[in-house]
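See below for the structure under consideration.
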Amino acid sequence: GDQEAQTGGQQNGVSVVTTHGLNLRDAPSSQSNVVLTVTEGTQMMRTADDGTWSTVTYNGKQYYCASKFLKVG
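According to the working numbering, the sequence shown is numbered sequentially starting from 338.
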């Protein structure tokens, strides 16, 4: 909906939870390296989302992951 367009400030991002086991990657590409894999229900901060790939911060580091496996909350 409309709320997702409001990032609430790039520096903070929005709190999201994984809806699925999810690979965190070093670049927004399915060809990129998987840095780590998190389980369903893992909470992280999303700082950007282009509709396909989200930029997330987890344990103080930046990763990329598939947007469809994240929900706000």
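For every residue, glycine included, the Cβ atom is placed at its ideal position computed from N, Cα and C. Note that the structure is predicted; figures quoted are calculated from it, not measured.
Asked, Found
"Residue burial classification, glycine 350 (beta-carbon count within 10 angstroms, cutoff 16)", "buried"
"Per-residue DSSP class, three states only, for serine 366", "coil"
"Bridge partners - aspartate 386, DSSP secondary structure assignment", "Ser391"
"According to DSSP, residues forming a beta bridge with threonine 355", "Leu407"
"Extent of the continuous beta strand (DSSP E) to which threonine 374 belongs", "371-375"
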